[in-house]
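Peer 1: Numbering (my numbering), first residue to last: 737 to 855. We put the CB at the ideal spot given by N, CA and C, even for glycine. Take this structure first; my questions come after.
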């Protein structure tokens, strides 16, 4: 049986609630709603796969500090005022050659272009 990924939703805005309901109805993820402020260390112990949050939160620095200790954490920031979604993937790469770095950049740009982003 495949492990279900756990998404934590930080905040209680209407848009985060709607996104949570949509994710829940798909049945693919386990969701947990949390209110800010909270101790980031608590969230670190919960081992999230992804965190969905409002980009206007005053606690952005706390949220991003999690990417240091959770190397594969997916951070998804949503701005209800500007209709923008920003995604950060906390990958840490070590001992990467120049060729390896170029491959990572090309892969990320191709993913971005494929998904409608701009390079």
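Give me whichever residues DSSP pairs with residue 786 in a beta bridge.
Peer 2: Walking along the chain shown from the start, residue 786 turns up at place 50. In DSSP, residue 786 forms a bridge with 743, 810.
Peer 1: Considering only heavy atoms of the ligand SAH, does any lie closer than 6 Å to the CB of residue 820?
Peer 2: Annotation note on the ligand SAH: not contained in the displayed structure, which lists no ligands.
Peer 1: Touching or not, the region 751 to 760 and the region 788 to 808, by the rule of three or more beta carbon pairs under 8 Å?
Peer 2: yes
Peer 1: From the DSSP output, in three-state form, read off residue 805 for me.
Peer 2: Taking the chain shown and counting its residues from 1, one reaches residue 805 at position 69. It is helical.
Peer 1: To the nearest angstrom, how far is the alpha carbon of residue 815 from that of residue 783?
Peer 2: Taking the first residue of the chain shown as 1, we reach residue 815 at position 79. Taking the first residue of the chain shown as 1, we reach residue 783 at position 47. Going by the C-alpha atoms only, they are around 24 Å apart.
Peer 1: Have a look at 752, 751, 760, 748 and flag the residue whose alpha-carbon is nearest the alpha-carbon of residue 741.
Peer 2: The count along the chain shown starts at 1 and reaches residue 741 at position 5. Considering only alpha carbons, the answer is 760.
Peer 1: Out of 767, 836, 752, 776, state which residue places its alpha-carbon closest to the alpha-carbon of residue 802.
Peer 2: Residue numbering aside, residue 802 sits at position 66 when the chain shown is read from its first letter. Of 767, 836, 752, 776, the residue nearest in Cα terms is 776.
Peer 1: According to DSSP, is residue 843 part of a helix, a strand, or is it coil?
Peer 2: Within the chain shown, numbered from 1, the residue matching residue 843 stands at position 107. DSSP places residue 843 in helix when its eight states are reduced to three.
Peer 1: Buried or exposed: where does residue 809 fall if 16 or more other Cβ atoms within 10 Å of its Cβ makes it buried?
Peer 2: Counted from its first residue, the chain shown places residue 809 at position 73. That one is buried.
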